[in-house]
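**Q** These protein sequence lines are chains C and R, in that order.
If you use the numbering used here, the first sequence corresponds to residues 35 to 308, in order.
If you use the numbering used here, the second sequence corresponds to residues 100 to 165, in order.
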Amino acid sequence: MAENALRIAGFSFSSRLFVGTGKYASYEVMQQALAASGCEVITVAVRRERLYDEQDRSLLDFIDTDKYTILPNTAGCFTADDAVRCARLGRELLEGMGNPGAGWVKLEVLADTKTLLPDPIGTLEACQTLVGEGFTVLVYSTDDPVMARRLKAAGAASVMPAGSPIGSGQGVLNPNAIRIILEDLKEGDPDYPIIVDAGVGTASDVTVAMELGADGVLLNTGVAHAKQPVHMAAAMKHAITAGRLAYISGRIPKKLYATASSPLEGTIAPTRSS
Amino acid sequence: MNVIVNDEQHRLEDGTTVGQLISRLALTPRRVAVERNRELVPRATYDRTVLKDGDQIEIVTLVGGG
């Protein structure tokens, strides 16, 4: 297949799909969905100890830490300071487990609980601090091209613009903004990874993002809350492949009028009306 | 002395270390990370980090998230 691996700051992955571990009906469903998605990177959150499921089980009993690279997030942080503390705790946890994800973080600094939109100023501030502390920062951002440019300049290993708000299932609302981000951040640096993060509702949303030229997609709710999460995870896997191949293949330009696929010459004599 | 662990009061003997606190709470050390007064306590220093009265401790783990 004419498809290269996804490379992010020394990591290399054959799957371009990152899947979250939140909001599944059970850990068993999560496990099966992750397997069906073919993903190699999973996201997790850092929370106070003693958050077990009903049967007193931990997420960590259901994740093969040798198989997956774990990307800890700073979800739930509304200030740069809290996000930095959360990132340090996540690194400490993954170092303790010997997981390769220990050096990186999915940075989120959110504005409020209703929109869950990124706070651009807090995000930039935390990004600068964490890069300074040696983290590989994958940063969740709005789809604002200028913000994306600032985050890359601050040393982010990947900028991850939202397709639409977290968990909203609205897909890629502003493909033109994503296109500008891709063009701008990849200019003279074609391998700089851009991952569309958040808002995926169904498989075609993933394909749209990949057809635009995104290097990958990160999603969670679209799978976890589907009626059949395991089937949806498989659909997402195929959507990544379809979108990536379509992007590499180069789509035809859109035209206003038809262009015949069958030759117009050599058609049989038209029937004459008598 | 009293320390606050994840917003709960805990009464501990003077001289208790972070390592001792973790074993008293029956936690698996490799599955938790610890902050003391908002500063990370590196795993390697658990046994020499002695708690003080009024310390605020956060003990966290990994949970499902996107």
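Cβ atoms here follow ideal geometry from the backbone N, Cα and C, with glycine treated the same way.
#1: Let me make sure I understand the geometry here. Which of G197/C, A292/C and S92/C has the alpha-carbon closest to that of L126/R?
#2: Hey, does G164/R have any beta-carbon neighbour from chain C nearer than 9 Å?
#3: DSSP three-state call for V162/R: helix, strand or coil?
#4: For chain R, check one thing: does any of its Cβ atoms lie closer than 9 Å to the Cβ of R50/C?
#5: Just to make sure I have the definition right: I need the residues of chain C whose C-beta is within less than 9 Å of the C-beta of N136/R. Which are they?
#6: Does I158/R have its Cβ less than 9 Å from a Cβ in chain C?
#7: So which of Y226/C, P199/C, G205/C and S48/C has the shortest CA-CA distance to A182/C?
#8: Looking only at DSSP bridge pairs, what is Y174/C linked to?
#9: Based on the DSSP output, what are the partners of L253/C in its beta bridges?
#10: Kindly list, in the order they appear in chain C, the residues whose Cβ is closer than 8 Å to that of V149/R.
#11: Taking contact to mean 3 or more Cβ pairs, one atom from each stretch, closer than 8 Å, check whether the region 237–249 of chain C and the region 152–171 of chain C are in contact.
#12: Where does A43/C fall in DSSP's three states?
#13: Could you pull out every residue in the same chain whose Cβ sits closer than 8 Å to the Cβ of T52/R, ignoring the five residues on either side in sequence?
#14: If you measure from the beta carbon of V80/C to each beta carbon in chain R, is any gap under 9 Å?
#15: Hey, out of D249/C, L164/C, L207/C and L68/C, whose CA is closest to L279/C's CA?
#16: V117/R CB to nearest chain C CB: under 9 Å?
#17: Can you find a heavy atom of the ligand ATP that lies under 8 Å from the Cβ of G114/R?
#18: Counting only C-beta atoms, is S198/C closer than 9 Å to chain R at any point?
#19: Note down, in chain order, each residue of its chain lying with its Cβ closer than 6 Å to the Cβ of M131/C, except the 5 sequence neighbours on either side.
#20: Could you spell out the range, first to last residue, of the beta strand (DSSP E) harbouring Q108/R?
#21: Which of helix, strand or coil does DSSP assign to L144/C?
#22: Where P199/C and K148/C are concerned, what is the direct C-alpha to C-alpha distance, given to the nearest angstrom?
#23: I need the boundaries of the alpha helix (DSSP H) containing V240/C, first residue and last residue.
#24: Does any residue of chain C have a CB that is nearer than 9 Å to the CB of V102/R?
#25: Taking the alpha carbon of G72/C as the point to measure from, which residue in Y102/C, R81/C and V180/C has its own alpha carbon closest?
#26: Taking the CB atoms as reference points, tell me whether G165/R and L252/C lie closer together than 9 Å.
#27: Please report the distance separating the alpha-carbon of E112/R from that of N136/R.
#28: Measure from the C-beta of M35/C to each C-beta in chain R and report whether the shortest distance is under 9 Å.
#29: Just checking my contact of I215/C with D177/C at CB under 8 Å: how many whole Å lie between their CB atoms?
**A** To lay it out plainly:
#1: S92/C
#2: yes
#3: strand
#4: no
#5: By Cβ distance, chain C contributes nothing, its closest Cβ being about 11 Å from N136/R, past 9 Å.
#6: yes
#7: Y226/C
#8: DSSP, once it has assigned bridges, lists M194/C as partnering Y174/C.
#9: V53/C
#10: Simply none; closest approach about 19 Å.
#11: Output reads no: the region 152–171 of chain C does not touch the region 237–249 of chain C.
#12: coil
#13: This structure does not reach residue 52/R, given that chain R is present from 100 up to 165, and the question cannot be answered.
#14: yes
#15: D249/C
#16: no
#17: With respect to small molecules bound, the structure shown includes none, and the ligand ATP cannot be examined in it.
#18: no
#19: T99
#20: E107 to R110
#21: strand
#22: Spanning the two alpha carbons is a distance of roughly 10 Å.
#23: A237 to L246
#24: Not one chain C Cβ lies under 9 Å of V102/R.
#25: Of Y102/C, R81/C and V180/C, the residue nearest in Cα terms is Y102/C.
#26: yes
#27: 19 Å
#28: In this prediction, M35/C has a pLDDT of 46, which is less than 50 and means its spatial position is unreliable; what the coordinates show is noted afterwards. Not one chain R Cβ lies under 9 Å of M35/C.
#29: 7 Å
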